[in-house]
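In the numbering used here, the protein residues as written are 44 to 217. Backbone N, C-alpha and C fix where the C-beta goes; we use that ideal spot for every residue, glycine too.
Here is the structure:
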């Protein structure tokens, strides 16, 4: 059975069907959580507990920059620093991730959103110069990531077929 599925997965029709299925799951998940995920209450809670002002990009991700030493107003706030110094006097990315995930679990208990955290992911990346503690946090829907992965695989497959077709047409016309 696995061998048959592996063989069928190499056909273009399989990739198109997988892409259509991913669109269905994305639409279903979007309708289920969009009111809570894109609400001002969610953004306000993130701003209050993680000290990050979120913006929405054109594909629906919520993103923002967090600096553990600076509060939301851009001032150094010693009382709310989330800091663990290492040799370079910078925060460790694992410590920052741990702090953000603890804050998110606190948010989960405060803001019941029909299992919102089963539908979204959180990516944390260090940005800016190495000696500064700026981190990009991106909230994204799991089904949107899956849909874009399926779309990419389908387009690569179509591209390969297009190149083969152009080569065959070029050979026939010459």
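query	result
Bounding residues of the alpha helix (DSSP H) (the contiguous stretch that carries residue 197)	185 to 216
Beta-carbon separation (whole angstroms), residue 143 vs residue 167, contact threshold 8 Å	6 Å
C-alpha distance - residue 189 paired with residue 66, whole-angstrom precision	9 Å
CB-CB length for residue 108 against residue 170, believed under 8 Å	7 Å
Ordered list of beta strand (DSSP E) runs contained in the stretch 72 to 114, each at least 3 residues	105 to 109
Buried/exposed call for residue 93, threshold 16 Cβ in 10 Å	buried
8 Å Cβ cutoff met for residue 73 and residue 184	yes
Residue range of the alpha helix (DSSP H) that includes residue 46	45 to 51
Expected contact under 8 Å - CB spacing of residue 62 and residue 197 to nearest Å	5 Å
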